[in-house]
Amino acid sequence: MSMAGDHIELNKEGMKNIALIGFMGAGKTTVSHGLKALYGFTEIDTDQEIVRQEGRPITEIFATDGESYFRQLEHDTVLRFQDVHAAVISCGGGLVMNPENVVNLRKSCVIVFLTATPETTLLRVKDSADRPILNGHMDVEYIRMLQEKRRPAYEAAADIRVATDGKDVGAICCEIMQKVKNFS
Ligand code: S3P
Numbered sequence: 254m255s256m257a258g259d260h261i262e263l264n265k266e267g268m269k270n271i272a273l274i275g276f277m278g279a280g281k282t283t284v285s286h287g288l289k290a291l292y293g294f295t296e297i298d299t300d301q302e303i304v305r306q307e308g309r310p311i312t313e314i315f316a317t318d319g320e321s322y323f324r325q326l327e328h329d330t331v332l333r334f335q336d337v338h339a340a341v342i343s344c345g346g347g348l349v350m351n352p353e354n355v356v357n358l359r360k361s362c363v364i365v366f367l368t369a370t371p372e373t374t375l376l377r378v379k380d381s382a383d384r385p386i387l388n389g390h391m392d393v394e395y396i397r398m399l400q401e402k403r404r405p406a407y408e409a410a411a412d413i414r415v416a417t418d419g420k421d422v423g424a425i426c427c428e429i430m431q432k433v434k435n436f437s
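Numbering (my numbering), first residue to last: 254 to 437.
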């Protein structure tokens, strides 16, 4: 694989951004860092943007103002970044449950659905204290249930699917770039 060639591809006129979607622990943040390091994408992380804008962590936003307030912030964040170029937008795990967000992302992004089994997901999220959706539910059964409940929305939004279990970040990024090129 030629990295230089990929970089030229990335900056080719009309190349879309990449939106990473998927459940918590699917690897969106790690893959986003990898896409930046390997291919020079600008990184945008919707959760980080919300935390920066609000000046407080996500757990506090949920606790003080509730989930629907957070979902409105997610919606506004997608709109705020709709004119970016050569960017990877890492989306909070629940963001594409709002179909309007999918419509807005699709205007400028190829939407990449990262998947992981419930077992892999638990290993990745079990020590995290900043995912209010999983508070008190850090177990495979709950993760499987919520993944299944959300799967139709992820599938409906996805242009491309990439399983992340057992793969290193470089291999996942390479697979994404190949699939994005074939899709565009
Ligand atoms: C959420 C996922 C989180 C964050 C918030 C809600 C969800 O992002 O947006 O805690 O509803 O799945 P990650 O998917 O980056 O953990």
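Just so you know, even glycine gets a beta-carbon here, dropped at the ideal spot from N, CA and C. Here the structure is a predicted model, which means the values were calculated and not measured.
Among Leu348, Leu387, Ala406, Thr368, nearest to Thr330 - alpha-carbon criterion: Leu348
Could you give the distance in angstroms between the alpha-carbon of Lys379 and the alpha-carbon of Thr373? 10 Å
On the DSSP bridge assignment, give the partners of Gly343 in chain order. Residue 343 is actually Ser in this sequence, not Gly. Looking at the DSSP assignment, Ser343 forms a beta bridge with Leu273, Asp298.
Please confirm whether Val341 and Leu387 have their CB atoms less than 9 Å apart. no
In whole angstroms, give me the CA-to-CA distance for Ala410 and Thr317. 30 Å
Rounded C-alpha distance that separates Val433 from Leu332: 23 Å
Do Val363 and Ile413 come within 9 Å of each other at the CB atom, strictly closer than that value? yes
The beta strand (DSSP E) with Ile314 in it runs from where to where? Note, Ile314: premise wrong, no beta strand (DSSP E); alpha helix (DSSP H) at 311-318.
Tell me the residue span of the beta strand (DSSP E) that contains Leu367. 362-368
Is Ala416 helix, strand or coil when you go by DSSP? strand
Go ahead and pull the three-state DSSP assignment for Met398. helix
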